[in-house]
Each structure stands twice: as C-alpha cells, then as structure tokens.
C-alpha cells in the first residue's frame, strides 16, 4: 500500500474547500465572500489602471518630445502609487472592525479608479481631443 503524504491530502482538501466557498459566494454575504468581492474589485481596477497607463505611454511615444513626457509620467506615477498606498495605510489604521471591514482595499480601489480616469483624460488631451482637454486643464 502506498502512503499519501499528509501535506498533499491537506492541499487537496484546501483546493476542494476553496472551490466550495467560491460556489457559496455567489449568493452569500459572509465576511469571506465580502472580502473576496472587495479584493476582486481592486484587481479589476488595477488591471484597468495598467491598461490606461500603457495607452497613455503609447500616445506619449507618438509626441514630438516623448522622452520628456515619458520621464514625467514615470515620476508622477511612482509618486502617485506612494501617495495611494500611504493614504490607504492611514485608512487601514483608522478602520473599525465589523461591517465596514475592507475599507483599506476599498480605498485602493477608489483611488485607483480615479487615477485611471486621470490617465485616460491625459491621453485624450494628448491626442488633441479638445472636449476632454477642457476638463483636464480647466
């Protein structure tokens, strides 16, 4: 008889349990399911941010002074990420446990969505969309 390592059995039970929890989350309001939902919203927001950033970078490379704009974008994005993370760290420190849980991740999602809008507006302005440019630079 072959012995199955206990770690493998534990891993299989976790995989099976995780699949079951995912199915339960479709209609559940459990803390685990709420946390999963909040985190997945952040992942979607982060993906959209990266897409907006890449689209802006692509537009910058078409500009007459791409290096200057690219360096400025890189610097501003690095500083913005620090700002976002520190702001949401603060939110995490003042977070009250309970039904409001997950505020720090909600903060990340909110600020990430706002930055995505900014980067998209910058790209449209750079591409000479006069209507959008008025809102970026009033």
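In the working numbering, the protein residues as written are 4 to 141. The beta-carbon is built from N, C-alpha and C at its ideal position, and this holds for glycine as well. Since the structure is predicted, the reported quantities are computational estimates derived from the model, not experimental observations.
Work out the CA separation of residue j and residue i for me, nearest whole Å.
| i | j | result |
| --- | --- | --- |
| residue 144 | residue 105 | Residue 144 cannot be examined here, being either before or after the span of the chain that is shown, 4 to 141. |
| residue 38 | residue 46 | 12 Å |
| residue 42 | residue 108 | 7 Å |
| residue 71 | residue 63 | 9 Å |
| residue 65 | residue 36 | 44 Å |
| residue 59 | residue 123 | 7 Å |
| residue 79 | residue 96 | 26 Å |
Run through DSSP, which three-state label would residue i get?
| i | result |
| --- | --- |
| residue 3 | Since the first residue of the chain shown is 4 and the last is 141, residue 3 is not available in this structure. |
| residue 28 | coil |
| residue 42 | helix |
| residue 92 | helix |
| residue 64 | coil |
| residue 33 | coil |
Looking only at its chain, what residues have a beta carbon closer than 6 Å to the beta carbon of residue i, apart from the 5 residues adjacent to it on each side?
| i | result |
| --- | --- |
| residue 119 | 51, 52 and 55 |
| residue 87 | 114 |
- Query: Counting Cβ pairs closer than 8 Å, one from the segment 84-94 and one from the segment 107-123, do we hit at least three?
  - Reply: Output reads yes: the segment 107-123 touches the segment 84-94.
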